Structures are given as structure tokens and as C-alpha cells.
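Engineer: In the working numbering, the protein residues as written are 1 to 297.
Cβ atoms here follow ideal geometry from the backbone N, Cα and C, with glycine treated the same way.
The model shown is predicted, which means the values in this text are computed figures rather than measured ones.
Below are the C-alpha cells for one structure; questions will follow.
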């Protein structure tokens with residue numbers, strides 16, 4: 001099964017551009033660190049795109065880059081290469097757009113502190129976690145630690161940026177073509193960063209809000225489950241988001257990380273990124289869905 005051929009915009013616009021006519025399908029990709037890098041150890045780094053494989057030959061121009069690590073969706077939609085290739089001066093017809101979005105937005109939102117730099121309280125509408133004084137009853141489980149008002153703000157933000165993505169698609173030659181999104185596996189909050197002071201991400205945020213260590217995994221799972229539901233419901237809304245498709249990565253069995261592991265554990269290379277094997281498990285399943293959709297179009 002041929003692996004996906006992935007090129008950068010720089011390669012596409014070089015004096016020796018890749019062959020874009022022979023492949024059966026041409027993809028335009030944009031995304032967060034699951035499409036670029038998840039560790040500064042490049043020898044062990046991988047991502048979803050590099051592990052995708054199809055029955056037919058497929059190529060992708062990947063606008064995600066190491067600088068996009070922890071980039072937000074709105075920054076992706078402002079990426080000059082992505083905009084240009086979608087609906088700008090150098091726009092092309094793409095069989096599909098594939099995006100990795102929402103995960104790093106969620107991580108960034110979880111990290112929003114309860115007080116700002118001047119010591120003023122940050123309202124619950126603009127953060128995802130609740131202070132200890134705001135926690136709900138224990139019977140709520142993981143939900144007791146989560147700001148529902150902040151979650152609604154996050155939903156509004158993410159849907160607005162999906163709106164913008166669809167608008168850009170409709171403005172270019174690929175109008176009406178499918179957009180594919182993936183969900184995120186359940187990460188384990190733990191002391192494992194990407195190197196050079198990058199991460200961990202979840203664990204410090206939960207500690208800042210005094211969330212009990214034993215509850216960290218269920219809080220992370222609740223937040224990632226909510227993100228999965230948000231993306232799935234958006235894809236199901238064919239009126240607002242026509243030809244948007246969602247792949248549930250949590251349906252792919254992965255080896256979880258141990259909560260006290262400081263490095264590679266299970267299928268995870270650090271707290272929020274997968275090993276090459278972990279990415280391959282999800283990528284191959286997602287590839288099958290993408291190719292089936294394109295073949296039936």
C-alpha cells in the first residue's frame with residue numbers, strides 16, 4: 001500500500017516541483033502539531049500525514065510546519081500558503097482538504113490561568129477549568145472541574161473558524177470538495193514534554209487549578225470527548241458545513257501512557273503526541289475512510 005507523498009509549499013513552488021498530475025488524488029493539508037512535529041527529537045518524530053497510506057497514489061501539500069506547533073485554528077486560516085493555495089492567486093483544484101484542528105486549541109484553552117498577568121480574575125466564560133471554590137458537587141465527576149460557560153465560548157470560536165474554512169473552500173476552484181477532520185486520542189496528563197522546555201501541557205494546567213492527581217486522566221478524557229462531540233456534530237451539520245467529514249480517532253485502540261512516565265510510554269512519545277506506531281494506527285484507519293469517500297464521490 002503506497003504511503004502518502006507529502007510535500008511543502010516551498011517544494012511546490014520550487015524550480016523542480018513535485019509531479020501533481022500522476023497521483024489519483026491531490027490533498028491540501030493544514031493543521032496543528034499532529035500534522036507537523038510533536039517532539040524536538042526529529043529522529044523519533046512522526047505525524048499523521050507521514051503515516052497515511054492508500055491503495056491508489058495520493059500526494060499532499062502540507063502547509064503545517066514546525067512553527068505551527070500549538071498554533072490556533074484562526075492562525076491556520078491566516079496561513080498565507082494555505083489561503084493562497086485554497087482561494088488565492090495560486091489556488092488549485094484539490095480533491096480534498098485534510099485538517100488537524102482543535103487539539104492544540106483545546107490545550108491552549110486548558111492552560112488559561114484563573115488570573116491574568118495583572119492579578120485580575122479571568123472570568124469562567126474565557127477559561128475551561130474552574131477554581132477550587134467554583135467546583136461543582138462530586139457527583140458530577142470530571143464535569144465538576146470544567147467551566148460550561150468557557151466550553152461554550154470555545155465551541156463558538158471553533159465553529160466560527162470552521163465557517164471560515166468552508167468559506168475559503170467555496171471561494172476557490174475546489175468549492176464543494178470534501179474537508180476531512182480527525183479527532184484526538186485520549187492523552188494522559190503526565191510529566192513528559194517535547195524537549196527544550198516545550199510541555200508538558202495538561203499536567204501543569206491541572207495542577208494550577210488544584211485538580212487532584214487521581215482525577216487528571218478523567219478530566220482530560222472529558223475535555224477530549226467534548227472536542228470529539230463538537231467536531232462530529234459540526235460534520236453532521238451539512239447545512240452549515242457542507243461536505244465536512246469527521247474521523248473519530250478514539251475508536252482506534254492505542255496503548256495508553258502510564259501517568260508517571262516522563263518519556264515514551266505506550267503509543268505516546270510525550271504527553272500529547274504519539275509515537276510513529278501510534279500515529280500509524282490512526283493514520284491507516286483514517287486513510288481508509290478518506291479513500292472510500294473520494295472513491296464514491
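#1: Between residue 176 and the rest of its own chain, which residues show a CB-CB distance below 7 Å, the 5 nearest in sequence each way excluded?
#2: Can you name, in chain order, every residue of its own chain whose Cβ lies under 6 Å from the Cβ of residue 259, other than the five neighbours on each side?
#3: The beta strand (DSSP E) that contains residue 97, what's its start and end?
#4: Spatial neighbours of residue 149 within its chain, please: C-beta separation below 6 Å, excluding the five flanking residues on both sides.
#5: Excluding the five sequence neighbours on either side, which residues of its own chain have a C-beta within less than 7 Å of the C-beta of residue 67, listed in chain order?
#6: Need the endpoints of the beta strand (DSSP E) that residue 26 sits in, please.
#7: Would you mind working out which of 289, 208 and 278 sits nearest residue 247, comparing C-alpha positions?
#8: Considering only C-alpha positions, which residue in the set 16, 26, 49 and 179 is nearest to residue 57?
#9: For residue 264, which residues of its own chain have a beta-carbon under 7 Å away from its beta-carbon, when the five flanking residues on both sides are left out?
#10: Quick check: residue 4 and residue 53, are their CB atoms within less than 8 Å of each other?
#11: If you run the structure through DSSP and keep just helix, strand and coil, what is residue 267?
#12: Just reading off the alpha helix (DSSP H) that residue 292 is part of, what are its end residues?
#13: Assign residue 62 to one of two classes, buried (16 or more other C-beta atoms within 10 Å of its C-beta) or exposed (fewer than that).
#14: Below 8 Å between beta carbons: does that hold for residue 278 and residue 201?
#15: Please identify the residue among 145, 98, 269 and 208 whose C-alpha is closest to the C-alpha of residue 179.
#16: Cα separation between residue 117 and residue 142?
#17: Of the residues 293, 93 and 114, which one's Cα is nearest the Cα of residue 174?
#18: Answer yes or no: do residue 227 and residue 183 have a C-beta to C-beta separation smaller than 8 Å?
#19: Looking only at its chain, what residues have a beta carbon closer than 7 Å to the beta carbon of residue 21, apart from the 5 residues adjacent to it on each side?
#20: Starting from residue 117, trace the alpha helix (DSSP H) both ways and give me its first and last residue.
#21: With DSSP collapsed to three states, give me the class of residue 62.
#22: Let's see if you can read the secondary structure: which residues bound the beta strand (DSSP E) around residue 5?
Structural biologist: This is what the structure holds:
#1: 243
#2: 188 and 190
#3: 96–100
#4: Short of 6 Å from the beta carbon of residue 149, and not among the five residues preceding or following it, lie these beta carbons of its own chain, in chain order: 124 and 125.
#5: Caution is warranted here: a pLDDT of 44 is assigned to residue 67, below 50, making its placement in the model unreliable, and no coordinate value can be reported.
#6: Boundaries of the beta strand (DSSP E) harbouring residue 26: 25–31, taken from the DSSP string.
#7: 289
#8: 26
#9: 275
#10: Cβ distance < 8 Å, so residue 4 and residue 53 count as in contact.
#11: In the structure shown, residue 267 sits in coil (DSSP, three-state: anything other than H, G, I, E or B).
#12: From DSSP, the alpha helix (DSSP H) with residue 292 extends over 276–295.
#13: Buried.
#14: no
#15: 98
#16: Looking at the two C-alpha atoms, the distance is approximately 28 Å.
#17: 93
#18: yes
#19: So no residue of the chain qualifies.
#20: Segment: none, residue 117 is in no alpha helix (DSSP H) and carries neither H nor E.
#21: Residue 62 carries a strand assignment under DSSP once its states are collapsed to helix, strand and coil.
#22: 5–7
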